[in-house]
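K.L.:
Let me give you the structure first, and then I'll get to my questions.
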Amino acid sequence: MEDFHQRYAAGERDFSQLDLPGANLSGLDLSGANFSLAKLNGADLSDANLRQANFNGAVLQKANLTGADCSEADLSLADLGFANLTGANLTGANMQMTILFRTRFKDTTMPDGTIR
Numbered sequence: 054m055e056d057f058h059q060r061y062a063a064g065e066r067d068f069s070q071l072d073l074p075g076a077n078l079s080g081l082d083l084s085g086a087n088f089s090l091a092k093l094n095g096a097d098l099s100d101a102n103l104r105q106a107n108f109n110g111a112v113l114q115k116a117n118l119t120g121a122d123c124s125e126a127d128l129s130l131a132d133l134g135f136a137n138l139t140g141a142n143l144t145g146a147n148m149q150m151t152i153l154f155r156t157r158f159k160d161t162t163m164p165d166g167t168i169r
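Sequential numbering of the sequence shown, starting at 54, is according to the numbering used here.
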């Protein structure tokens, strides 16, 4: 986790294939970051700016995305099983073949702009 924060502070935004289970990334500006194939099981991404971030194939099981801005993010092939997306913004997000098993949606703005 310390390595992530050092890389983030240095301006790096390519975190593909990174293993960060349970990481606290709440409130961070990760817009445009690359988390493709990353393992973020149980990570706290609440209130994070994830606009246009790449989560293609990432594992986000049980992750907390409450209030996160995921607009225009690539969540294709991501595993969001049991994740909490309460109040998240998914406007324009790519959710093609995203795993949504028991994912919590409440006041969530879906990719098409509808509220679920």
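Note that CB positions come from ideal geometry on N, CA and C, so glycine has one too.
1) What do you get for A116, buried or exposed, if any count of 16 or more other CB atoms within 10 angstroms of its CB means buried?
2) In chain order, what residues of the same chain have a beta carbon less than 8 Å from the beta carbon of N94, not counting five sequence neighbours either side?
3) Label F88 either buried or exposed according to how many other C-beta atoms from any shown protein chain fall within 10 Å of its C-beta, with 16 as the threshold for buried.
4) What does the alpha-carbon distance come out to for the pair P164 and N77?
5) Of all the alpha helix (DSSP H) runs that stay within the bounds of the stretch 81 to 156, which reach a length of 4 or more residues?
6) Is it buried or exposed for T156, if we count other Cβ within 10 angstroms and need 16 for buried?
7) Look up D67 in the DSSP assignment and say whether it is helix, strand or coil.
8) Does the Cβ of T3 have 16 or more other Cβ atoms within 10 Å, making it buried, or fewer, making it exposed?
9) Return the chain-ordered list of same chain residues with a C-beta closer than 7 Å to the C-beta of N147, the five sequence neighbours on each side being excluded.
P.N.:
Taking the geometry as given:
1) Classification for A116: buried.
2) Excluding positions up to five away in sequence, the list reads P74, G75, V112, L113, Q114, K115 and A116.
3) Result: buried.
4) Approximately 25 Å between the Cα atoms of the pair.
5) Secondary structure remark: continuous alpha helix (DSSP H) runs of at least 4 residues inside the stretch 81 to 156: none found.
6) Under this definition T156 is a buried residue.
7) For D67, the three-state secondary structure derived from DSSP is strand.
8) No answer is possible for residue 3: the residues shown for the chain start at 54 and end at 169.
9) The beta carbon of N147 is closer than 7 Å to those of D127, L128 and S129 in its chain, skipping five residues each way along the sequence.
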